[in-house]
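So the structure is just underneath, and the comments pick up after that.
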């Protein structure tokens with residue numbers, strides 16, 4: 001249980017994070033994506049709602065419903081999926097995509113965390129898709145040049161030229177000036193205290209960092225209709241002590 005709640009909850013409350021806060025957050029999520037990529041898995045659903053905070057501010061990636069294990073001999077997928085604001089151009093075009101779509105999403109995440117809104121956002125989804133493919137990437141005056149530089153490289157529309165798309169994967173991010181100030185090994189071991197910490201009580205069941213629209217819902221058990229069917233293969237079998245050495 002992650003008492004810190006969703007990153008989206010904190011972004012909504014704070015409006016935007018400092019670059020120091022966002023740097024650590026994006027680095028931790030990037031390491032999670034890097035691990036998935038090392039297993040030939042593309043995540044495909046990065047967004048603040050799918051990132052949880054623990055009591056100390058470290059992050060956890062959740063919801064792998066849209067993830068896909070890629071075939072190393074043909075590492076492409078073609079399903080149109082994801083959250084509109086975070087979709088990479090190649091997904092919108094219907095072209096094949098690979099792990100590079102996750103690095104595009106990291107660029108969107110870094111922008112949203114530091115600015116408060118995704119870079120190509122529009123209430124009209126079709127207009128937003130057009131902006132993602134052809135729109136100009138604009139930055140606020142308060143953003144540092146180092147932060148701009150890494151976002152520009154992550155939001156490169158050509159997936160083969162996008163930061164992180166090479167064989168080094170997440171290591172390409174580590175050497176960027178924006179991220180070089182971090183000791184990634186210590187961060188991986190959670191030896192660095194995140195600059196942003198959620199307010200949590202000593203109660204390990206604290207739900208103050210979750211929207212009340214969810215926590216006020218009645219708790220109702222839901223039975224899996226397939227559970228009984230899947231156990232049919234074990235009909236007439238019972239557990240016996242190992243000493244008997246036989247199944248009945």
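Numbering (full-length UniProt numbering), first residue to last: 1 to 248. Ideal Cβ placement from N, Cα and C applies to all residues, glycine included. Because the structure is a prediction, the values reported are computed rather than measured.
Quick check on the DSSP output: the beta strand (DSSP E) that includes residue 175 runs from which residue to which?
Run containing residue 175: none; DSSP gives neither H nor E here.
Tell me residue 42's beta-bridge partners as DSSP assigns them.
BP columns for residue 42 point to 68.
Exposure label - residue 11; buried when at least 16 CB within 10 Å
buried
Just the Cα atoms here: how many angstroms apart are residue 130 and residue 70?
28 Å
CA-to-CA distance, residue 17 to residue 114, given in whole angstroms:
5 Å
Is DSSP giving residue 106 helix, strand or coil here?
The DSSP-derived three-state label of residue 106 is helix.
Where do the ends of the alpha helix (DSSP H) carrying residue 187 lie?
184-188
Would the beta-carbon of residue 192 fall within 8 Å of that of residue 206?
no
Other residues of its chain near residue 62: CB distance less than 8 Å, five sequence neighbours each side excluded
50, 51 and 52
Here's the rule I'm using: 16 or more other beta-carbon atoms within 10 Å means buried, otherwise exposed. How should residue 57 be labelled?
buried
Between the C-alpha atoms of residue 198 and residue 73, what's the straight-line distance to the nearest angstrom?
The straight-line gap from Cα to Cα measures roughly 43 Å.
Would the stretch 97-104 and the stretch 149-167 be scored as touching if the rule is three or more Cβ pairs under 8 Å?
The stretch 97-104 vs the stretch 149-167: in contact.
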